[in-house]
Structures are given as structure tokens and as C-alpha cells.
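Here's the structure, in C-alpha cells; my notes come after.
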Amino acid sequence: MSLQTLSEWLRCPICFGVLTPREPLALVCRHGHSYDVNKRGYITLLSAHGLIGDSPAMLDARDAFLGAGWYRPLREALSAHVAAVEPRKVLDVGCGTGYYLTGVLDAVPGACALALDISPAAVGRTVRRGGETRSPVDGLVADVWSPLPIADAAADLILNVFAPRNAAEFARVLRTDGVLVVVIPQPSHLRELRAAGLALGLQNDKAAHLIDGLAVHFRMESRQELSFQMSLTASEIAALVGMGPSAHHHEAGADSPAPGARQSVTAAFEIVSFRKVTVPTQQ
48 MSLQTLSEWL RCPICFGVLT PREPLALVCR HGHSYDVNKR GYITLLSAHG LIGDSPAMLD
108 ARDAFLGAGW YRPLREALSA HVAAVEPRKV LDVGCGTGYY LTGVLDAVPG ACALALDISP
168 AAVGRTVRRG GETRSPVDGL VADVWSPLPI ADAAADLILN VFAPRNAAEF ARVLRTDGVL
228 VVVIPQPSHL RELRAAGLAL GLQNDKAAHL IDGLAVHFRM ESRQELSFQM SLTASEIAAL
288 VGMGPSAHHH EAGADSPAPG ARQSVTAAFE IVSFRKVTVP TQQ
């Protein structure tokens, strides 16, 4: 991260003006609005809200589960998909621990990225993990449901893995003909854990809702399905449940495998790619 590269991604969240670096660690606009940059390499431009991001405990669980390689097939498929687009500037909305973003950057040498999440702990981890790659990663703590403090046409590609989406803002911050890549679970994802009361249910027709919700600003270009079986121990299942929203909704009496036993669990995803469309202006 550098003040210069960070400033090139952003706009002032108050007046929407250009932000410029001011040493040692601040960004300012011409109207005098000033924002401190965290020493750990990210900036917080978050208005008051009631949303709660991923906790450090959830991120620890995610690091443990993903670090064991259980979702590596998804990471590799996603990285190959993005590499075919050859983006130079990648915006990761809902970056989590940076597991998928760093895989993408490894597959697209020379690209740079902005990691966005509502959780400061998540952004901090992603920026730190990005420092282990040859590609620079800047960090932004912001709310995806508010106007994004990101400049118009700042990104070539938006990465959105199991995260909220703001179609109008995504279209604004993407360049003309930019690409949005979304990962969602298929209906069979974690079906064994849902049957045992360990995981939340999934929205019916999730892919159809996704496509309909983006239709004003994006046209779908491709859909890629990916599924595989995992043989998980009780501790691995605990990490899998603990790393996502199911961590907040554990059912009393839910059945976990006995210590030392393994359970087969289905992982099933869909990678859906969209192209930004130009919306005609009304005369």
C-alpha cells in the first residue's frame, strides 16, 4: 500500500471530490475533508451504521479452514476465470481474509487490487496477505449498501465471493465494459450440515435472483458450476460453520460428528460472470 495508489482508487465520501495524499498518513480533497490512513495499510470511510462485519473469531475459523485447502478447487477455478479477463485493477468487495483475492493476483501478474469489507479486521488481514504477493493491495473499510467512496470507472473487474452486491454502485465504479464475477452457493452446498442443523438454509433459486437483481446494469456472460465432496473432522466442520453466517445461528441439539470421525460434506458453487452494460440516459 502507498498513499498514492490508495488515493487513485478513492473519492471523498462527502463531496465526491478527488483525494490526494498528504504525508504522513492522510488523504484530503480540495474542500479540506481529510481522512486518516491506518498504519496497517488501509483507510476507513464508513458512515454510522448498524451492520456487523466478520469478527476476528470468524476470520480465524476461515483462515483455518481455507488454509487447509478445502476450497482450493474454487480458488483455482476463480483465479483461472479472472486471469482470462486480464484485468489490471481488481476490486474485491467482501474480501474476507484475502484468500481468493491473493489467488487471483497470483494468476494475473502486474494487477493491483483494492480490498473492501465492512470488517476492519478482514481488511487488515487481506492487506497483510497481499503484502506477501508481488501485487499491491490497498484496503478500504466501507459499507457496500452506501454510496461507495470509490472513484468512477476505477476498476476493470469486481470480485464478489459470498458477499452483498450493490448493482448501481458496482456499475459506477467499473470501467466501460467492465466485468463483475460473483460466486454463490448452489442448492446442494453444505446440504449435510443443513440437515444436521449446523448450517443455515439457502435462498431458493439464488442464481435466478442474482441475475434478475443485476439485470438493469449487467448482462450475464457465463455460468460455471463446481462441486466436490469433502471428508471433514469435527474440528474442520466447526471451523467451516464458524467462518460464516451460520456461526450466529447454531441450533440447539444440532448433530456434529464424533471426535475422530469424518463426515462427507458437499461443496457446491457457481461462478457467474457479468459484463457491465451502458444504461441509456433519459432525454
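Residue numbering for the sequence shown is 48 to 330, as defined by my numbering. We put the CB at the ideal spot given by N, CA and C, even for glycine.
* To do: Count the other CB atoms, across all protein chains shown, that sit within 10 Å of the CB of R176; report buried if there are 16 or more and exposed otherwise.
  => R176 should be labelled buried.
* Which of helix, strand or coil does DSSP assign to L72? -> coil
* In whole angstroms, what is the alpha-carbon distance linking Y82 and V65? -> So the two alpha carbons sit approximately 12 Å from each other.
* Starting from M226, follow the beta strand (DSSP E) in both directions and report where the run begins and ends. => Inspection of the sequence shows that residue 226 is occupied by Val rather than by Met. 221 to 232 is the span of the beta strand (DSSP E), which, as asked, contains V226.
* Contacts around E123, its chain only, beta-carbon distance under 8 Å, and the 5 residues preceding and following it disregarded -> Beyond the five residues adjoining it in sequence on each side, E123 comes within less than 8 Å, by CB distance, of G150 in the same chain, given in chain order.
* **Residue ranges of each alpha helix (DSSP H) within the segment 240 to 301, 4 or longer** => 253 to 261, 281 to 289
* Simplified DSSP assignment, three categories, for P66 -> It should be pointed out that residue 66 corresponds to Leu in this sequence rather than to Pro. If DSSP states are grouped into helix, strand and coil, L66 belongs with coil.
* Would you give the residue range spanned by the beta strand (DSSP E) that A198 belongs to? => No beta strand (DSSP E) contains A198, which DSSP labels as neither H nor E.
* According to DSSP, what are the bridge partners of R322? -> V226, R266
* What are the boundary residues of the beta strand (DSSP E) that L163 is part of? -> 159 to 164
* To do: Quick one: residues in its chain with C-beta nearer than 6 Å to the C-beta of G114, no 5 flanking neighbours on either side, listed in chain order?
  => none
* **Exposure of D199, with buried meaning 16 or more beta-carbon neighbours within 10 Å** => exposed
* Straight-line CA distance for V50 to A73? -> Note on residue identity: the sequence assigns Leu, not Val, to residue 50. Straight-line Cα distance between these residues: approximately 8 Å.
* Asked: Is it buried or exposed for S278, if we count other Cβ within 10 angstroms and need 16 for buried?
  -> By the 10 Å Cβ count, S278 comes out exposed.
* Asked: Count the other CB atoms within 10 Å of the CB of C62; is the residue buried (16 or more) or exposed (fewer)?
  -> exposed
* **When F321, V188, I205, S274 are compared against Q233, the one with the closest alpha-carbon** => In terms of CA proximity to Q233, S274 leads the group F321, V188, I205, S274.
* Cβ separation of V207 and G141, assumed to be a contact under 8 Å, to the nearest whole Å -> The sequence given here places Asn at residue 207; Val does not occur at that position. That belief holds up - the Cβ atoms of N207 and G141 are roughly 6 Å apart, short of 8 Å.
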